[in-house]
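>
Number of protein chains: 2
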Amino acid sequence: MATAQIHDESEVLELDEPLPLDGGQSLSGVRIAYEAHGKLNAAKDNAILICHALTGDQYVVSNHPKTGKPGWWARMVGPGKPIDTNKFHVICANVIGSCMGSTGPASLAPDGEPWAMRFPVITIRDMVRGHVALLDSLGIEQLHAVVGGSMGGMQALSLAANFPERSRAFLVLASTARHSAQNIAFHEVGRQAIMADPEWQEGNYYHADEGRGPEKGLSVARMAAHITYLSEEGLTAKFGRRLQDREQKTFGFDADFQIESYLRYQGLSFTGRFDANSYLYITRAMDYFDLAEEHGGRLANAFCQSKARFCLVSFDSDWLYPTSDSRNVVKALNAAGLPVSFVELSAPFGHDSFLLEVPALDHVVEGFLNQ
Amino acid sequence: MATAQIHDESEVLELDEPLPLDGGQSLSGVRIAYEAHGKLNAAKDNAILICHALTGDQYVVSNHPKTGKPGWWARMVGPGKPIDTNKFHVICANVIGSCMGSTGPASLAPDGEPWAMRFPVITIRDMVRGHVALLDSLGIEQLHAVVGGSMGGMQALSLAANFPERSRAFLVLASTARHSAQNIAFHEVGRQAIMADPEWQEGNYYHADEGRGPEKGLSVARMAAHITYLSEEGLTAKFGRRLQDREQKTFGFDADFQIESYLRYQGLSFTGRFDANSYLYITRAMDYFDLAEEHGGRLANAFCQSKARFCLVSFDSDWLYPTSDSRNVVKALNAAGLPVSFVELSAPFGHDSFLLEVPALDHVVEGFLNQ
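So, in structure tokens, the structure goes:
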């Protein structure tokens, strides 16, 4: 993916003003780490903000500095790609609360010690406030579009609701306007897995000598979450009941089945690139997300200031944020009288479909952004 | 439920012969704990074997000795109930590998120390061998019926396949003939959660001073599994996004939402009645279960010796063992030329529907057993 790699290092902006938070506190000295690709035009009106998902980051195109893997959406973003950096100035910022350069629980608090669990609980809207502060400092008054999948879609919707002048278009993939009880339940399992790990130490694991921290708990959290990102059909097609590098079951507790081996790998590799406390904070922000609740209990009210156009995409195999979640948003946008297109795409990959090879999605994205 | 309580203590039978296991070993001195209700007739042909699920036990009617709660199927089994103990002699045995009196990892090995992880990995068929040995010792040659939900249904199917003469009828609820990749994945998360807990100590936690053991890991395992037992619709109806004993979100990590509080309670209370190593062994047995594989890869072959009649019941909100799993069994039984009835019942409780108040199920059970 060398052609897609434009530069290796993300920029970091430190905000001059304290960032107000939904919880009532405000954060001083907030840093926002971001990548930008493609040239910002003189009118500064060709910028697209890409919002990342729970465990994503600003490395949308560039190779990830920790894993060395291609950017998480390198297939979608770049010269001549559906989000075309020959035409658009593409910005992707690490959300606050995360751990790839933006201020989060692993960052130093004013007392010089890591925030850890003293970091304030943040919301999706707080993340969006960070994005808007970044746009302010970049001198971008109005975006061409905001694009996001999963938690990135929540940010897009929140931006549309709370900063309606800041973008002309919103593209929301595999997302929802509120977290369901089942969504919250899966996140709570992950949080409890982390907090049950004695290495978590109430969040104060940053001074540990040798890269420790609650790696086992975080790994279990990731494994549980990962199942929800895939479809049953996809798992059956990819793994079925096939055994891992063996002819016979071992009658033991090794990873006999490929799916076990795969899940263990997913859990383990995640701990090398993600901070456990960030996982707690970001899942909490997602669980708190209920856009209607923020706007008097009626979702359409969230969009009554907007003049933007919208596109929502769901995937038929996504059981985490099923098509009905997207339809609820579409109905609200219709009720608000806004132009919205909606498509449910067929793809076997479950929730992760928005990140994977789904050619129909490429056409939708390219088409919507170039209207 | 006092009327349903017939006696408090389960019987324990010690097998004279070693029990051969699918893994190639055999177990000596196996104990089978069971409850029996209703009178066995002189012909010994009115017995019904009820097979319990993963975390179930023999206390199908009697109050549970550890929790004090009514038996897990007290609503279904008893005088005048769908499984009528005025007519039938009802037996329910704790599966081997479990922890309520039957031999399992917490039992003492011949060296006088707990088996712990030295206990052999067992299969569903091994559990069934234990049941058949119990029937032998009770002098019951042929059962009126075998009834089981979830893992209990797997035992019923395995008994039908491997001991076709031992029952005239099989009633299989919310079950499957093989564990899918997704089923295995969820179990693997639970096992990893237990094994990640340092209190697990490679399974050697039985000598700990004060009722410890990997309680946190087991609790997380139970939480993850519990989500799969419920339907999204049921969770939404029961909990939605309602807050727990508070008016406002706390912007912290307490259980703000009712679903979080409920899940934490489910996890915690489970650790008081279940052995973590048993959880490892029994989930492993379920993951290994693939009845077709045991019979040359063709499920219909599993039933070619059978002359019994069958009834399969699925629930429309069960996403753990969905209706398609039951249909696969029905097709195989049809291919084997056996009489089978099948119904998908509508119930909002997900996989747990077979345990809960579903009047239509009562009618199916009563009707099938009294044909």
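Protein chains in written order, with the UniProt record's numbering: chain A, 1 to 371; chain B, 1 to 371.
We treat Cβ as the ideally placed atom computed from N, Cα and C, and that holds for glycine.
#1: For B:A133 and B:L15, I'd like the C-alpha separation in whole angstroms.
#2: Which residues of the region 302 to 321 of chain B have a Cβ closer than 9 angstroms to any Cβ of chain A? Give them in chain order.
#3: Mind checking the region 174 to 189 of chain B against chain A and listing, in chain order, the residues whose C-beta falls within less than 8 angstroms of any C-beta there?
#4: Would you mind giving the Cβ-Cβ distance between A:M76 and A:V358, rounded to the nearest angstrom? I have them listed as a contact below 8 angstroms.
#5: Can you tell me whether B:N277 is buried or exposed, with buried defined as 16 or more other CB within 10 angstroms of its CB?
#6: Any Cβ of chain B within less than 8 angstroms of the Cβ of A:Q266?
#7: Taking DSSP as the reference, what is the three-state secondary structure of B:E199?
#8: Give me the Cα-Cα distance between B:L173 and B:H351, rounded to the nearest whole angstrom.
#9: If we ignore side chains and look at the alpha-carbon of each, how far apart do B:Q5 and B:V90 end up?
#10: From this set, A:A332, A:K87, A:M223, which residue's C-alpha is nearest A:K44's C-alpha?
#11: Is A:D111 helix, strand or coil when you go by DSSP?
#12: Between the alpha carbons of A:R242 and A:F257, how many angstroms are there, rounded?
#13: What ranges does the alpha helix (DSSP H) occupy inside the region 189 to 255 of chain A, keeping only unbroken runs of at least 4 residues that lie completely in it?
#14: Would you please state the rounded distance, in angstroms, between the beta carbons of B:H37 and B:V61? I believe it to be under 8 angstroms.
#15: Looking at the structure shown, is B:G367 part of a helix, part of a strand, or coil, going by DSSP?
#16: Provide the residue span of the beta strand (DSSP E) that contains A:E344, from first to last.
#17: Grab me the residues of B:L355's own chain with a C-beta within less than 6 angstroms of its C-beta, minus the 5 sequence neighbours each way, in chain order.
#18: Measuring CA to CA, which of B:C51, B:A185, B:D136 is closest to A:L263?
#19: What residues in its chain sit with their C-beta under 7 angstroms from that of B:Q142, if we drop five residues either side in the sequence?
#20: Determine, for B:R241, whether the minimum Cβ-Cβ distance to residues of chain A falls below 8 angstroms.
#21: Would you check if the distance between the CB atom of B:L299 and the CB atom of B:A292 is smaller than 8 angstroms?
#22: Out of curiosity, what's the CA-to-CA distance linking A:E232 and A:K238?
#23: DSSP three-state label for B:V132, please.
#24: Which partner residues of A:H89 appear in the DSSP bridge assignment?
#25: Can you check which of these residues, B:R118, B:G29, B:L235, B:A181, is closest to B:Y321 by C-alpha distance?
#26: So with Cβ pairs under 8 angstroms, would you call A:V121 a contact of chain B?
#27: Would a C-beta distance cut-off of 8 angstroms place B:G101 and B:I122 closer than the cut-off?
#28: Taking B:A116 as the reference, which of B:S175, B:A106, B:Y265 has the closest Cα?
#29: Using a 10 Å radius around the Cβ and a threshold of 16 neighbouring Cβ atoms, would you call A:Q155 buried or exposed?
#30: When you check each C-beta in the region 231 to 261 of chain A against every C-beta of chain B, which residues fall closer than 7 angstroms?
#31: In chain order, what residues of the same chain have a beta carbon less than 6 angstroms from the beta carbon of A:P339, not counting five sequence neighbours either side?
#32: Can the beta-carbon of A:A336 be found closer than 8 angstroms to that of A:C304?
#33: 8 angstroms is my cut-off, CB to CB: does A:V343 come that close to chain B?
#34: Measure the C-alpha to C-alpha separation of B:N204 and A:M127 and round it to an integer number of angstroms.
#35: Pull up the distance between the alpha-carbon of B:L369 and that of B:P82, whole angstroms please.
#36: Can you tell me whether A:E171 is helix, strand or coil according to DSSP?
The answer reads as follows:
#1: Taking the first residue of the second sequence as 1, we reach residue 133 of chain B at position 133. Taking the first residue of the second sequence as 1, we reach residue 15 of chain B at position 15. B:A133 and B:L15: Cα-Cα distance of roughly 7 angstroms.
#2: The residues in question are W319.
#3: Within the region 174 to 189 of chain B, the qualifying residues are R178, H179, S180, A181, Q182, I184, A185, F186, E188, V189.
#4: As a position in the first sequence, residue 76 of chain A is number 76, starting the count at 1. As a position in the first sequence, residue 358 of chain A is number 358, starting the count at 1. Not confirmed; about 10 angstroms, so no contact.
#5: Translated into positions along the second sequence, residue 277 of chain B becomes position 277. Buried, since its Cβ has 16 or more Cβ neighbours within 10 Å.
#6: Start at 1 with the first residue of the first sequence, and residue 266 of chain A comes out as number 266. No, because no Cβ of chain B sits closer than 8 angstroms to the Cβ of A:Q266.
#7: As a first step, residue 199 of chain B must be located in the second sequence, where it is residue number 199. In this structure, B:E199 counts as helix in the three-state DSSP scheme.
#8: If you number the second sequence from 1, residue 173 of chain B lands on position 173. If you number the second sequence from 1, residue 351 of chain B lands on position 351. The alpha-carbon atoms of B:L173 and B:H351 are separated by roughly 10 angstroms.
#9: Counting from one through the second sequence, the residue named residue 5 of chain B turns up at place 5. Counting from one through the second sequence, the residue named residue 90 of chain B turns up at place 90. In this prediction, B:Q5 scores a pLDDT of 36, lower than 50, which makes its location untrustworthy; no coordinate-derived value is stated.
#10: Position 44 of the first sequence holds residue 44 of chain A. For A:K44, the nearest C-alpha among the options comes from A:K87.
#11: The count along the first sequence starts at 1 and reaches residue 111 of chain A at position 111. In this structure, A:D111 counts as coil in the three-state DSSP scheme.
#12: Indexing the first sequence from 1 puts residue 242 of chain A at position 242. Indexing the first sequence from 1 puts residue 257 of chain A at position 257. Between A:R242 and A:F257, the C-alpha separation is close to 6 angstroms.
#13: Given a length threshold of 4 residues, each whole run of the alpha helix (DSSP H) inside the region 189 to 255 of chain A is given here in chain order: 215 to 229, 232 to 238.
#14: The residue labelled residue 37 of chain B in the question sits at position 37 within the second sequence. The residue labelled residue 61 of chain B in the question sits at position 61 within the second sequence. Confirmed, Cβ separation roughly 5 angstroms.
#15: The count along the second sequence starts at 1 and reaches residue 367 of chain B at position 367. The three-state reading of DSSP puts B:G367 in helix, counting H, G and I together.
#16: Counting from one through the first sequence, the residue named residue 344 of chain A turns up at place 344. Where A:E344 is concerned, the enclosing beta strand (DSSP E) stretches over 340 to 345.
#17: Here residue 355 of chain B is taken as the residue at index 355 of the second sequence, counted from 1. Once the five neighbours on either side are set aside, B:L355 has no close Cβ partner at all.
#18: Position 263 of the first sequence, counted from the start, is the residue given in the question as residue 263 of chain A. Taking only the C-alpha atoms, the option nearest A:L263 is B:A185.
#19: Here residue 142 of chain B corresponds to residue number 142 of the second sequence, with the count starting at 1. Closer than 7 angstroms at Cβ, skipping near neighbours: D45, E165, R166, S167, R168.
#20: If you number the second sequence from 1, residue 241 of chain B lands on position 241. A Cβ of chain A is located within less than 8 angstroms of the beta carbon of B:R241.
#21: Position 299 of the second sequence, counted from the start, is the residue given in the question as residue 299 of chain B. Position 292 of the second sequence, counted from the start, is the residue given in the question as residue 292 of chain B. Closer than 8 angstroms, so yes.
#22: Along the first sequence, read from residue 1 onward, the residue named residue 232 of chain A stands at position 232. Along the first sequence, read from residue 1 onward, the residue named residue 238 of chain A stands at position 238. When rounded, the separation of the alpha-carbon atoms in A:E232 and A:K238 is 10 angstroms.
#23: Within the second sequence, numbered from 1, the residue matching residue 132 of chain B stands at position 132. Looking at B:V132 - three-state DSSP - the assignment turns out to be helix.
#24: As a position in the first sequence, residue 89 of chain A is number 89, starting the count at 1. A:H89 is bridged by DSSP to A:A47.
#25: As a first step, residue 321 of chain B is located in the second sequence; it is residue number 321 there, counting from the start. B:Y321 has its Cα closest to that of B:A181, out of B:R118, B:G29, B:L235, B:A181.
#26: What you label residue 121 of chain A is simply residue 121 of the first sequence in a count that begins at 1. Interface flag for A:V121 against chain B is set, since a Cβ pair is found closer than 8 angstroms.
#27: Locating residue 101 of chain B in the second sequence gives position 101, counting from the first residue. Locating residue 122 of chain B in the second sequence gives position 122, counting from the first residue. Cβ atoms of B:G101 and B:I122: not closer than 8 angstroms.
#28: Sequence index remark: in the second sequence, residue 116 of chain B carries index 116 (1-based). Ranked by Cα distance from B:A116, the options B:S175, B:A106, B:Y265 are led by B:A106.
#29: Along the first sequence, read from residue 1 onward, the residue named residue 155 of chain A stands at position 155. Under a 10 Å Cβ-count criterion, A:Q155 is classified as buried, with 16 or more other Cβ atoms of the shown protein chains found around its own Cβ.
#30: Here the close residues are E232, L235, T236, F239, G240, R241, K249, F251, G252, F253, F257, I259, E260.
#31: Position 339 of the first sequence holds residue 339 of chain A. Closer than 6 angstroms at Cβ, skipping near neighbours: R309.
#32: Against the first sequence, residue 336 of chain A aligns to sequence position 336. Against the first sequence, residue 304 of chain A aligns to sequence position 304. Going by C-beta atoms, A:A336 is nearer than 8 angstroms to A:C304.
#33: What you label residue 343 of chain A is simply residue 343 of the first sequence in a count that begins at 1. Contact of A:V343 with chain B is not assigned, every C-beta pair being separated by 8 angstroms or more.
#34: What you label residue 204 of chain B is simply residue 204 of the second sequence in a count that begins at 1. What you label residue 127 of chain A is simply residue 127 of the first sequence in a count that begins at 1. Their Cα atoms are separated by approximately 46 angstroms.
#35: If you number the second sequence from 1, residue 369 of chain B lands on position 369. If you number the second sequence from 1, residue 82 of chain B lands on position 82. So the alpha carbons of these two residues sit roughly 8 angstroms apart.
#36: In the first sequence, the residue the question calls residue 171 of chain A occupies position 171. This sequence places Leu at residue 171 of chain A; Glu is not what is there. In this structure, A:L171 counts as strand in the three-state DSSP scheme.
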